[in-house]
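Protein chains: 2
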Amino acid sequence: MELDARKKEILYAIIENYQESGEPVGSRTISKLEGLSFSPATIRNEMADLEEMGLIVQPHTSAGRVPTDKGYRLYVDKMLAERENGREVSRELPALPMQELLSKRIDRVEEMLLKMAQVLAANTNYTAMVTGPRSRGSKLKFLQLSPLDKGRILAVVVLSGDIVKNNILSLDEDISSQELMDLNFILNKGLTGLSLEEINLSVIAELKSEAGAHTEVVSKVLDAVAETFAKEDSYPVYTSGAPNIFRYPELTGGDKASELISTLEEKKTLGSAIGSLSTEGGSQQDIQVYIGEEVPVDSMKDCSVVTATYSLGDGVQGKIGIIGPKRMNYQKVVDTLKETMSHLDGIFLNTED
Amino acid sequence: MELDARKKEILYAIIENYQESGEPVGSRTISKLEGLSFSPATIRNEMADLEEMGLIVQPHTSAGRVPTDKGYRLYVDKMLAERENGREVSRELPALPMQELLSKRIDRVEEMLLKMAQVLAANTNYTAMVTGPRSRGSKLKFLQLSPLDKGRILAVVVLSGDIVKNNILSLDEDISSQELMDLNFILNKGLTGLSLEEINLSVIAELKSEAGAHTEVVSKVLDAVAETFAKEDSYPVYTSGAPNIFRYPELTGGDKASELISTLEEKKTLGSAIGSLSTEGGSQQDIQVYIGEEVPVDSMKDCSVVTATYSLGDGVQGKIGIIGPKRMNYQKVVDTLKETMSHLDGIFLNTED
DNA sequence: GTTAGCACTCAATCGGTTAGAGTGCTAACA
DNA sequence: TGTTAGCACTCTAACCGATTGAGTGCTAAC
Chain A
12 MELDARKKEI LYAIIENYQE SGEPVGSRTI SKLEGLSFSP ATIRNEMADL EEMGLIVQPH
72 TSAGRVPTDK GYRLYVDKML AERENGREVS RELPALPMQE LLSKRIDRVE EMLLKMAQVL
132 AANTNYTAMV TGPRSRGSKL KFLQLSPLDK GRILAVVVLS GDIVKNNILS LDEDISSQEL
192 MDLNFILNKG LTGLSLEEIN LSVIAELKSE AGAHTEVVSK VLDAVAETFA KEDSYPVYTS
252 GAPNIFRYPE LTGGDKASEL ISTLEEKKTL GSAIGSLSTE GGSQQDIQVY IGEEVPVDSM
312 KDCSVVTATY SLGDGVQGKI GIIGPKRMNY QKVVDTLKET MSHLDGIFLN TED
Chain B
12 MELDARKKEI LYAIIENYQE SGEPVGSRTI SKLEGLSFSP ATIRNEMADL EEMGLIVQPH
72 TSAGRVPTDK GYRLYVDKML AERENGREVS RELPALPMQE LLSKRIDRVE EMLLKMAQVL
132 AANTNYTAMV TGPRSRGSKL KFLQLSPLDK GRILAVVVLS GDIVKNNILS LDEDISSQEL
192 MDLNFILNKG LTGLSLEEIN LSVIAELKSE AGAHTEVVSK VLDAVAETFA KEDSYPVYTS
252 GAPNIFRYPE LTGGDKASEL ISTLEEKKTL GSAIGSLSTE GGSQQDIQVY IGEEVPVDSM
312 KDCSVVTATY SLGDGVQGKI GIIGPKRMNY QKVVDTLKET MSHLDGIFLN TED
């Protein structure tokens with residue numbers, strides 16, 4: 012069956028109406044809309060066709076129609092395509108307080124990411140999720156050993172992308188302040204600029220021979236370094252706006268709310284699931300839309316997820332996701348994400364040098 | 012009216028039965044219990060009295076009885092009192108994996124606190140909340156400036172209690188590696204051991220004069236120090252097990268679930284509310300029980316909250332809270348918290364020297 | 001190709017009935 | 001005087017059938 016222009020218009024009308032009302036939409040409602048001046052009966056015929064094509068369904072015989080995943084997919088693809096044509100729709104988004112937020116000196120990346128999730132959730136009324144930056148290719152930028160207490164030292168490890176981790180190490184042996192400084196120099200000289208893979212046995216042996224007596228310290232520091240790299244691999248996930256799901260009855264019936272909230276709390280699962288989403292041929296600018304069954308998390312099969320990939324330079328990148336009902340305002344979410352991404356790029360890619 | 016022994020027994024029987032069933036408990040149920048060998052009629056008479064005393068209520072005329080806040084209060088006070096008498100009940104708690112958890116080298120306090128919240132939530136099936144450590148009297152333990160990029164330095168600030176914060180500072184001027192080391196020495200000499208209040212204008216003036224040309228760097232570092240102290244004042248709050256509230260229907264009716272989850276997400280509000288709870292004359296060992304209306308957070312008026320104060324030495328302390336329905340298993344929660352506290356004490360008070 | 005009309009379906013709603021749980025009261029009993 | 005059996009009473013939850021209203025599909029006319 013052919014999907015002619017009128018059918019499309021009707022489909023979009025149904026989707027947009029359902030977006031706002033959350034109730035199945037009937038033929039009368041559509042016929043009274045501006046732009047569609049047909050009688051309910053005509054609309055009904057078209058709707059029957061749309062249903063046959065699998066784009067809409069009726070929850071029950073005497074109800075209006077609701078879009079299917081397939082229907083949404085069509086809608087979203089068309090929407091994104093139109094944007095790509097440069098038709099800068101300017102749906103008068105409320106200016107995100109991003110600029111203000113990000114331009115403030117927020118030194119810790121993590122803090123900034125959390126804030127970002129909060130702003131996104133507040134602006135969209137959906138749930139926002141940000142995975143911490145990670146990169147297979149990150150390198151050791153810098154290492155700092157400092158004496159703390161008797162028998163304990165503080166090892167600060169900095170990776171490319173300004174990922175900083177503190178490690179407090181307890182030593183069995185004692186080490187003087189001067190020795191520590193020497194060691195610090197040796198380690199930095201030997202390790203700076205290397206990736207996890209590049210720190211191999213020969214590098215380690217070399218370091219230990221240079222370090223002389225303090226091989227134990229070297230081992231522990233190397234452990235800390237390895238841990239920092241590892242940690243970065245399972246970097247934290249920030250969520251915000253989880254309670255927003257209660258705004259959408261279709262997400263809160265039965266145990267759904269409970270399951271969703273649980274999933275959001277179990278950030279680990281969430282992170283790896285979302286993190287693993289490939290960036291395969293996103294229609295543009297790395298923005299991906301997953302609708303219903305397409306979402307690779309079981310408890311979110313009634314949701315849609317829109318993700319974007321941000322980059323902090325140096326190949327360090329992470330994902331932002333917006334989780335909402337399938338009838339979410341895709342246009343707004345995509346626009347908001349794009350705006351956020353360009354702000355981020357502006358700030359981080361400039362900072363980097 | 013007198014609360015004789017039998018009335019008490021009946022009250023406790025009602026509470027414990029309601030704890031498990033969550034349904035109003037009737038006279039027949041009680042009369043069939045071991046130990047209480049009276050006819051339903053007799054129980055009814057006693058229940059009428061208990062109701063008159065405000066210890067129990069009926070949700071509606073033909074329903075069983077449910078404990079009131081006052082009833083729970085009586086129960087909890089008696090329970091705690093009995094414990095104080097040394098009757099070590101040993102309700103065979105599942106051995107908490109705390110020991111294992113805490114003995115592992117978890118360097119960052121924050122990580123450990125989050126883990127603790129997770130273990131508590133999993134063990135009790137309620138929601139756990141841990142406020143980060145804070146202390147008005149914390150002191151600067153140690154300061155480390157390191158060169159990072161051109162124009163940027165990393166300032167690591169360590170407060171007593173091993174609270175570590177990283178600050179990346181962007182400088183307008185340039186500073187050599189050697190100058191930075193000198194500055195590092197000067198700052199540590201001048202600031203180590205001081206509290207926020209003790210770093211006053213005269214100290215600052217002294218430092219700046221010693222620093223010579225680099226007063227800008229000194230200012231920025233001091234800002235970073237002040238921020239670290241400030242941050243510690245509003246230290247993060249970790250929650251875990253929020254979805255557990257869905258196990259208790261009385262907490263999820265209407266918008267209650269939504270409100271609760273929102274409160275838990277707004278950790279700031281939560282932290283200050285819980286943090287402000289005074290430790291005024293806790294019946295023992297700093298454990299406090301807040302029942303229903305006693306809870307100082309509006310959205311938790313249907314909950315009970317049990318808090319304990321932990322100490323990391325050096326006057327650094329924070330609070331742990333367990334949030335559950337009013338019919339929570341107070342015994343178990345109090346025991347679990349006590350066990351946790353003693354583990355914590357064992358570990359931290361030993362480490363400290 | 002479009003539309004008016006009409007019979008049909010189904011979910012939601014409402015009023016009424018029933019079943020069951022639990023009570024309070026009274027009177028008998030030890 | 002305290003305890004208990006018996007009974008009438010109350011109230012909720014569940015069930016049922018009728019009604020309403022929204023929305024449909026189909027047919028026939030335009």
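Those sequence lines, one after another, are chains A and B. Our numbering runs 11 ahead of the 1-based position in the first sequence. Our numbering runs 11 ahead of the 1-based position in the second sequence. Virtual Cβ for every residue (Gly too), placed ideally from N, Cα, C. Please read all numbers here as calculations on a predicted model, not as lab measurements.
Using the C-alpha atoms, what's the distance from residue j back to residue i?
i	j	result
Val232/B	Ala166/B	7 Å
Cys314/A	Tyr341/B	38 Å
Gly292/B	Lys330/B	For Gly292/B, the predicted model reports a pLDDT of 46, less than 50, meaning its position is unreliable and no value from the coordinates is stated.
Thr362/B	Ser322/B	With a pLDDT of 48 at Thr362/B, under the threshold of 50, the modelled position of this residue cannot be trusted, and the question is left open.
Glu270/A	Ile215/B	54 Å
Asp15/A	Glu277/B	49 Å
Leu113/A	Lys200/B	Residue placement at Leu113/A is poorly supported in this model, since its pLDDT is 48, which falls under 50; the coordinates are not used for a value here.
Pro78/B	Asn28/B	10 Å
Gly46/A	Ala24/A	10 Å
Lys43/A	Gln129/B	54 Å
Ile285/A	Ser273/A	16 Å
Val316/A	Glu122/A	23 Å
Ser188/B	Ser188/A	18 Å
Ile210/B	Gly264/B	52 Å
Met352/A	Gly252/A	19 Å
Ala139/A	Lys242/A	22 Å
Leu262/A	Tyr137/A	12 Å
Ala52/A	Thr72/A	16 Å
Asn195/B	Pro158/A	13 Å
Ser50/B	Gly82/B	23 Å
Met311/B	Thr318/B	14 Å
Gly143/B	Glu62/A	55 Å
Val175/A	Val168/A	6 Å
Glu238/B	Asn177/B	11 Å
Does residue i pass the burial test, meaning 16 or more other C-beta atoms within 10 Å, or should it be called exposed?
i	result
Glu13/A	exposed
Thr250/A	buried
Lys267/B	buried
Glu173/A	According to the sequence displayed, residue 173/A carries Asp and not Glu. Classification for Asp173/A: buried.
Glu304/B	exposed
Ser181/A	exposed
Gln155/B	buried
Pro307/A	exposed
Leu85/A	buried
Gly335/A	buried
Pro70/B	exposed
Leu89/A	Just to set this straight, residue 89/A is Lys in the shown sequence, not Leu. Classification of Lys89/A: exposed, given that the 10 Å Cβ count is below 16.
Leu212/B	exposed
Asn255/A	buried
Gly148/B	exposed
Identify the continuous alpha helix (DSSP H) that holds residue i and give its terminal residues.
i	result
Arg338/A	Premise fails: Arg338/A is in no alpha helix (DSSP H) and is neither H nor E.
Asp160/A	Careful: Asp160/A lies outside any alpha helix (DSSP H), inside the beta strand (DSSP E) at Leu151 to Asp160.
Gln189/B	Ser188 to Leu202
Val370/B	The requested residue 370/B is not part of the displayed model; chain B covers only 12 to 364.
Ile26/A	Ala16 to Ser32
Ile215/B	Leu212 to Ala222
Glu277/A	Counting along the chain, Glu277/A falls outside any alpha helix (DSSP H), and DSSP gives it neither H nor E.
Leu262/B	Pro260 to Thr263
Between which two residues does the beta strand (DSSP E) carrying residue i extend?
i	result
Asn56/B	Looking at the DSSP string, Asn56/B is not in any beta strand (DSSP E); the run it does join, the alpha helix (DSSP H), is Pro51 to Glu63.
Ile302/A	Gln299 to Ile302
Opposite residue i in the DSSP bridges: which residues?
i	result
Met140/B	Thr250/B and Gly332/B
Thr320/B	Lys330/B
Arg163/A	Asp160/A and Ser181/A
Ile272/B	For Ile272/B, which the question treats as bridged, DSSP gives no partner whatsoever.
Ile41/B	Ile41/B pairs with nothing; no bridge assigned.
Ile67/A	Pro78/A
Lys176/B	Val168/B
Ser315/A	Ile302/A and Gly335/A
Val36/B	Arg76/B
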